[in-house]
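Heads up, the sequence shown is in this note's numbering, so the first residue is 2 and it goes up one at a time. We treat Cβ as the ideally placed atom computed from N, Cα and C, and that holds for glycine. Just so we're clear, the structure is a prediction, and the values are computed from it rather than from any experiment. The structure appears right after this line, and notes come after that.
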Amino acid sequence: MKVTAIIPAGGYGKRINAGIHKQLIEISGKPILIHTLEKFQNCSCIDAIIIATAPEILLEVENMVKKFNITKVVEVTIGGNERQDSVYNALQMMVYHHTEIVVVHDAVRPFITCEKICEVISACKETGAAVLAVRPKETVKLGGENGFVEKTLDRNSLWLVQTPQAFYYTILQQAYKKAYTDSFYATDDSALVERLGIKVKVVEGLYENIKITTPEDIEFARLIFERNKTTRL
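Okay, here's the thing in structure tokens:
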């Protein structure tokens with residue numbers, strides 16, 4: 002069963018305010034995007050990779066892929082205005098690269114592991130749709146009007162959703178078609194699949210699998226890389 006990873010890598014990252022696209026920021030000698038791609042390149046559960054990126058950096062991304070020998074990349078295509086648009090553009094490339102399972106992963110989550118990638122794919126094979134997620138560590142409250150707490154939510158029933166998220170290609174394609182028909186946008190792919198009435202399996206994720214979106218995340222990421230480097234020595 003062929004598995005293709007889609008890596009939406011079109012975001013500029015205004016919150017980081019680094020003057021460049023956040024996925025191109027170098028940490029530990031490589032752009033964040035390359036750190037992420039290498040995890041999928043070196044994972045036996047992944048057969049192919051499609052990147053959707055901003056038009057102004059498309060050539061730069063293509064050159065990076067060649068420079069770092071990311072041989073599983075079969076397509077670098079233009080992303081869209083929103084993350085959802087970028088994933089949809091990449092999905093259209095499946096016409097040329099037939100696949101049964103699609104794995105979507107944020108370009109700026111470089112600390113994912115091959116073990117977790119394979120776990121979410123395995124869950125998808127059984128159920129049709131699966132996401133990686135972690136339990137919230139803090140107490141979560143629902144806010145009401147005028148800044149007052151409406152109620153405290155039960156942490157045992159809550160999940161903080163991450164990527165990768167894995168789906169049968171036919172399911173994800175159908176979910177995207179419905180979303181665009183309904184002019185519906187969501188912040189992750191599983192929300193689109195849920196609208197089809199399909200149950201999404203949750204796979205326990207990693208707290209370390211952070212999405213780099215703020216300057217503080219950059220510093221935290223550097224610390225993780227340094228710790229991992231020391232651990233390997």
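For residue i: DSSP bridge partner residues
{"i": "proline 27", "result": "Note on identity: in this sequence residue 27 is glutamate, with proline being the wrong assignment. Per DSSP, Pro32."}
{"i": "isoleucine 8", "result": "Ile52"}
{"i": "valine 105", "result": "Ile7, Gln166"}
{"i": "alanine 134", "result": "Val162, Glu205"}
Presumed contact (8 Å Cβ cut-off) between residue i and residue j, rounded CB distance
{"i": "isoleucine 50", "j": "valine 75", "result": "7 Å"}
{"i": "glutamine 175", "j": "aspartate 189", "result": "Rounded, the Cβ-Cβ distance is 17 Å, inconsistent with contact."}
{"i": "leucine 143", "j": "lysine 152", "result": "5 Å"}
{"i": "valine 105", "j": "isoleucine 172", "result": "At roughly 12 Å, the Cβ-Cβ gap does not stay under 8 Å, so valine 105 and isoleucine 172 are not in contact."}
{"i": "isoleucine 79", "j": "leucine 59", "result": "6 Å"}
{"i": "valine 162", "j": "alanine 134", "result": "5 Å"}
{"i": "leucine 92", "j": "tyrosine 169", "result": "Going by Cβ atoms, the distance from leucine 92 to tyrosine 169 rounds to 12 Å, so no, they are not a contact pair."}
{"i": "alanine 108", "j": "proline 9", "result": "6 Å"}
{"i": "aspartate 48", "j": "valine 4", "result": "5 Å"}
{"i": "alanine 124", "j": "lysine 202", "result": "5 Å"}
{"i": "valine 62", "j": "isoleucine 52", "result": "6 Å"}
{"i": "lysine 23", "j": "glycine 11", "result": "That pair is no contact at about 11 Å."}
Simplified DSSP assignment, three categories, for residue i
{"i": "isoleucine 118", "result": "helix"}
{"i": "glutamate 76", "result": "strand"}
{"i": "valine 96", "result": "helix"}
{"i": "glutamate 83", "result": "coil"}
{"i": "methionine 2", "result": "coil"}
{"i": "asparagine 43", "result": "coil"}
{"i": "isoleucine 225", "result": "helix"}
{"i": "isoleucine 71", "result": "coil"}
{"i": "cysteine 113", "result": "A small fix is needed here, since residue 113 is isoleucine in this sequence, not cysteine. Here isoleucine 113 sits in coil by DSSP."}
{"i": "isoleucine 21", "result": "coil"}
Problem - Every unbroken beta strand (DSSP E) inside the segment 139-219 [3 residues or more] - result: 141-144, 150-154, 161-169, 202-205
Exercise for the section: Spell out a yes or no on whether the segment 95-103 and the segment 204-215 are touching, meaning 3 or more CB-CB pairs, one atom from each, closer than 8 Å. Expected result: no
Practice task
Determine contact between the segment 77-85 and the segment 183-203, defined as no fewer than three beta-carbon pairs at a distance below 8 Å.
Solution key: yes
Practice task
Would you check if the segment 29-47 and the segment 125-143 touch, i.e. whether three or more CB-CB distances between them fall below 8 Å?
Solution key: no
Practice task
Kindly confirm or deny that the segment 37-55 and the segment 111-121 touch, where touching means at least three C-beta pairs closer than 8 Å.
Solution key: yes
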